[in-house]
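So for the sequence shown, the UniProt record's numbering puts the first residue at 1; every next one is plus one. First comes the structure, then the notes that go with it.
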Amino acid sequence: MKKWIVLGTSLLIAGGTAIGVASAEKSSPIIAYESAIVLEKGVEESEGKWLNNHEVTSQITEDQAVAIALDLLPGRVKEVELDSDDGRLLYEIEIKFEGNDYDLEIDAFTGEIVEIDDNLLQTPIAKDVKVNIEEARNIALTYIGSGSIDDIELEVKKGRYVYEVEIEDATGDDDVDVYIDANTGEVIGVDWD
């Protein structure tokens, strides 16, 4: 008999807790606070579904993504994969161009080239940016003050063409990477190793 009383009491407590939690969630100020954070970051409210910060109306096809990649680097497509990175749906396309492999990430809804984490200096793209390699070197050395350049690469980061200039400081103790917008010459980041 005691077992039934304990079991019944436990069920009533558990049920009451579940009802209390359910009703608390409906009026919780935390939910409103999270909405405010999302709105503050620039995500607009809509009755439609949002992905990649765009209303989902249509996703580009794999063929369209490949065409975008080949328009930039007319080589041989080795691999295509649809993947999600931090909630952003991307086509990851590997292209062999003039003996080198390039990995491109293309937004699956906008067709924007988001990332190319390979050196583009030996491609036609290097001729299309407004800041040439010598200007990028000078900007980086002027920004840091002194040192010697170990390496320089042209890449695409977050949709921007960027020079990554690796500099060894004058003491030889530290390396620093200076990121320069390849179209404006603006220093957009510095990473001390």
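The beta carbon of each residue, even a glycine, is placed where N, CA and C say it ideally should be. Source: prediction; values computed, not measured.
Taking each of 178, 145, 75 in turn and checking the Cα distance to residue 98, the smallest one comes out for 75. Exclusion of the five residues before and after residue 189 leaves 179 as the residues of its chain whose Cβ lies within less than 6 Å of its Cβ. Runs of the alpha helix (DSSP H) lying entirely within the UniProt domain "PepSY" (60-116), each at least 4 residues long, are 62-72 in chain order. Between residue 121 and residue 133 the beta-carbon gap is near 7 Å, inside 8 Å, which marks them as a contact.
For residue 79, the CB contacts under 6 Å within the same chain, skipping 5 residues up- and downstream, are 94 in chain order. DSSP places residue 154 in the uninterrupted beta strand (DSSP E) bounded by 148-157.
Between the C-alpha atoms of residue 177 and residue 155 there is a straight-line separation of about 13 Å. In this chain, the alpha helix (DSSP H) harbouring residue 128 covers 125-128. Burial is judged here by how many other beta carbons sit within 10 angstroms of a residue's own beta carbon; residue 87 has fewer than 16 and is exposed.
Short of 7 Å from the beta carbon of residue 168, and not among the five residues preceding or following it, lie these beta carbons of its own chain, in chain order: 147, 148, 150, 175. DSSP, read as helix, strand or coil, puts residue 186 in coil. Going by beta carbons, residue 90 and residue 101 fall outside the 8 Å limit.
Going by C-alpha positions, residue 165 is about 35 Å away from residue 59. In the DSSP assignment, residue 138 falls within the alpha helix (DSSP H) that extends over 133-144.
Within its own chain, the residues whose Cβ lies closer than 7 Å to the Cβ of residue 135, once the five positions on either side in sequence are excluded, are 185, listed in chain order. Pairing residue 182 with residue 162 gives a Cβ-Cβ distance under 8 Å. Contact annotation: residue 77 and residue 143 have beta-carbon atoms that are not nearer than 8 Å. Excluding five sequence positions before and after residue 81, the CB atoms of its chain that fall closer than 6 Å to its own CB belong to 92, given in chain order.
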